[in-house]
Amino acid sequence: MASGYRSCLESQAWNVRIAFPVNKMSSSKARASRGVAKKIERVPLLDLQRQYQRIEQEVQAEIARVCGSQQFILGSEVEKLESEVAGFTGAAEAVGCGSGTDALWLALVAAGVQPGDMVVTSAFSFFASASSVVRAGARPMLMDVDPRTLNLDARLVAEKLRSSRPRNLRALLPVHLYGQCADMDALGSIAEEFGVPIIEDAAQAIGAKWRERGAGSLGAAGTFSFYPSKNLSAYGDAGLVTTQDGEMAARMRRLRNHGSSRRYHHEELGWNCRLDSIQAAVLRVKLRYVEQWNAQRRQHAELYDRLFSEAGLAARRNEVTSDSTSGFPIRFLRTDARAEHVFHQYVIRAHRRDELREFLTARGIGTEVYYPIPLHLQACFSYLGYAHGDLPESEQAAAEVLAIPMFPELTEEEQRWVVENIGEFYC
4 MASGYRSCLE SQAWNVRIAF PVNKMSSSKA RASRGVAKKI ERVPLLDLQR QYQRIEQEVQ
64 AEIARVCGSQ QFILGSEVEK LESEVAGFTG AAEAVGCGSG TDALWLALVA AGVQPGDMVV
124 TSAFSFFASA SSVVRAGARP MLMDVDPRTL NLDARLVAEK LRSSRPRNLR ALLPVHLYGQ
184 CADMDALGSI AEEFGVPIIE DAAQAIGAKW RERGAGSLGA AGTFSFYPSK NLSAYGDAGL
244 VTTQDGEMAA RMRRLRNHGS SRRYHHEELG WNCRLDSIQA AVLRVKLRYV EQWNAQRRQH
304 AELYDRLFSE AGLAARRNEV TSDSTSGFPI RFLRTDARAE HVFHQYVIRA HRRDELREFL
364 TARGIGTEVY YPIPLHLQAC FSYLGYAHGD LPESEQAAAE VLAIPMFPEL TEEEQRWVVE
424 NIGEFYC
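FYI, the numbering for the sequence shown is 4 to 430, going by my numbering.
Here it is, written out as structure tokens:
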């Protein structure tokens with residue numbers, strides 16, 4: 004199967020020599036030998052309609068039950084969800100809130116982050132990873148990523164902190180990007196060395212694990228987003244924080260409710276970021292399926308890996324290759340053997356990424372770039388003083404990453420069609 008695409012690649016103006024045999028068969032014969040996928044008019048990046056068709060009756064029954072109770076904010080439904088998610092992640096406590104962004108803010112403030120403090124986080128993440136630090140009054144210390152995983156590079160973090168010794172360092176905020184936990188062994192050692200807590204940004208990582216421990220149970224707190232596109236998704240905005248610390252949980256419950264633990268009594272200034280009962284009810288239904296859905300995502304990732312490799316478009320995942328001499332137009336991110344990935348997104352690093360994306364869009368294949376501008380180059384963070392070239396791995400990733408269709412109900416035929424079209428582009 005690989006020889007057809009490899010022949011195409013051999014004919015391109017690459018500056019490297021592809022070190023494998025080239026089959027000179029005709030294009031039509033090559034395509035036939037590969038087992039061309041059946042033409043499909045549209046493959047969305049995400050299709051929540053398919054999920055809804057499966058669970059519609061359960062969800063509608065739960066929504067009707069909440070409507071019948073006329074209890075719409077916090078209450079027993081939220082408490083049950085909190086208990087269930089705590090058990091699912093291995094945390095002692097969970098605190099529901101209005102969004103994943105609210106979850107980050109709650110965790111940071113409850114961990115003691117104050118105005119003037121500094122929090123280390125990744126430059127290659129969704130905006131909220133850094134904006135929540137600013138919302139807590141602190142300054143984000145943006146760090147580069149490991150090019151193999153695009154998670155926070157613990158080695159660079161250690162080097163930077165040991166050389167600068169910032170007195171106002173208050174927390175580490177690693178991001179479990181695309182559904183794979185950051186290197187919590189190395190980051191845990193750094194946190195211990197500098198005497199600061201870890202706040203996990205696990206917005207994309209519900210059900211992910213590090214050495215068999217669930218994301219959200221690995222630091223002082225873990226934050227989750229239930230935005231509609233997430234592996235565990237609400238029908239609107241919703242979020243949650245997990246922690247092993249009962250006092251921290253109690254404070255977050257006050258903070259989410261205007262700093263009040265009793266009505267009209269306010270111990271501190273908080274915010275209105277409570278979780279709705281209807282969203283909690285929807286999430287409780289979906290939580291029963293999330294392990295199965297995550298397993299399906301991993302199966303789809305394995306199939307994509309195999310199809311890309313067999314087509315000669317990419318080396319096998321985790322195979323050591325030089326970025327400049329691999330000769331493949333597609334590169335995989337590394338899967339850490341210590342981590343259990345949940346593939347919130349299936350992301351490739353693609354040669355001529357923007358042209359490929361246009362080509363796939365014209366073929367009805369959904370894609371997205373997570374993320375096109377690293378945080379240190381966002382206009383609103385210009386006061387931090389970063390410039391182009393300061394965090395090169397994040398900048399390179401922003402130019403290459405491409406998310407292709409990934410959701411539990413994705414079919415094998417759709418995956419084959421996606422890879423077939425990517426191969427056609429590079430031919």
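Ideal placement from N, C-alpha and C gives every residue a C-beta, glycine not left out.
- When the five nearest sequence neighbours on each side are left out, the beta carbons in the same chain lying within less than 6 Å of the beta carbon of E65 are those of A284, V288, in order along the chain.
- Contact between A94 and G219 holds: CB atoms are separated by about 5 Å, below the 8 Å threshold.
- Take D105, set aside five residues on each side of it, and the residues of its chain with a beta-carbon closer than 8 Å to its own are G242, R259, W274, C276, in chain order.
- Counting only runs of 3 or more residues that sit fully inside the region 137–200, the beta strand (DSSP E) segments are 142–146, 172–176, in chain order.
- The region 304–324 makes contact with the region 414–427; the number of CB pairs closer than 8 Å reaches 3 or more.
- Look at N234 here: in three-state DSSP terms it is coil, with no helix or strand label.
- Between F229 and D240, the CB-CB gap stays under 9 Å.
- Rounded to whole angstroms, the Cβ separation of T124 and V116 is 12 Å, and the two are not in contact under 8 Å.
- Ranked by Cα distance from E196, the options R216, H179, E162 are led by E162.
- With contacts defined by Cβ atoms closer than 9 Å, A141 and R170 do not form a contacting pair.
- Three or more beta-carbon pairs separated by less than 8 Å are not found between the region 380–397 and the region 359–367, which leaves the two stretches without contact.
- Minimum Cα-Cα distance from F331 among the listed residues R341, R337, L316, A340 corresponds to L316.
- The region 341–348 makes contact with the region 197–217, as at least three CB pairs between them are under 8 Å.
- Counted as a single uninterrupted DSSP element, the beta strand (DSSP E) harbouring I351 occupies residues 349–353.
- By the neighbour-count criterion, in which 16 or more other beta carbons inside 10 Å mark a residue as buried, P143 falls on the buried side.
- Counting only runs of 4+ residues, the alpha helix (DSSP H) found wholly inside the region 343–401 occupies 356–365, in chain order.
- Excluding sequence positions up to five before and after L359, its CB lies within less than 6 Å of the CB of A353, F428, all in the same chain and listed in chain order.
- Non-local C-beta neighbours of E87 in its own chain, meaning closer than 7 Å and more than five positions away in sequence, comprise R287, L290, ordered along the chain.
- Straight-line measurement puts the Cα of S192 at about 20 Å from the Cα of L180.
- By the Cβ neighbour-count rule, E80 is buried, with 16 or more other Cβ atoms within 10 Å of its own.
- By the criterion of a C-beta distance shorter than 6 Å, C70 is surrounded by no residue of its chain, once the five residues flanking it on both sides are discounted.
- A Cβ-Cβ separation of about 6 Å places V345 in contact with N234 under the 8 Å criterion.
- Annotated as proximal: L111 and I202, with beta-carbon spacing under 9 Å.
- By the Cβ-count criterion, S128 is buried, with 16 or more other Cβ atoms from all chains shown falling within 10 Å of its own Cβ.
- Residues of the same chain with a CB within less than 7 Å of the CB of G262, apart from the 5 flanking positions on each side, are H269, E270, E271, L272, G273 in chain order.
- In the three-state DSSP reduction, S102 falls in the coil class, being neither helix nor strand.
- Taking every protein chain shown into account, the CB of T152 has 16 or more other CB atoms within 10 angstroms, so this residue is buried.
- Counting only the Cα atoms, W108 lies some 6 Å from A139.
- Contact annotation: M409 and R320 have beta-carbon atoms that are not nearer than 9 Å.
- Distance from P377 to A401 at the Cβ level is roughly 5 Å; contact confirmed, criterion being Cβ atoms closer than 8 Å.
- The beta carbon of E403 sits closer than 7 Å to those of R352, A353, R356, all from its chain and outside the five residues before and after it, given in chain order.
- The closest CA to that of L175, considering only L221, G217, R216, S166, is found on L221.
- Between the C-alpha atoms of P411 and R265 there is a straight-line separation of about 43 Å.
- With contacts defined as CB atoms closer than 9 Å, Y292 and I58 qualify as a contacting pair.
- The continuous beta strand (DSSP E) containing I407 extends over residues 404–407.
- Rounded to the nearest whole angstrom, the C-alpha separation of L164 and A223 is 20 Å.
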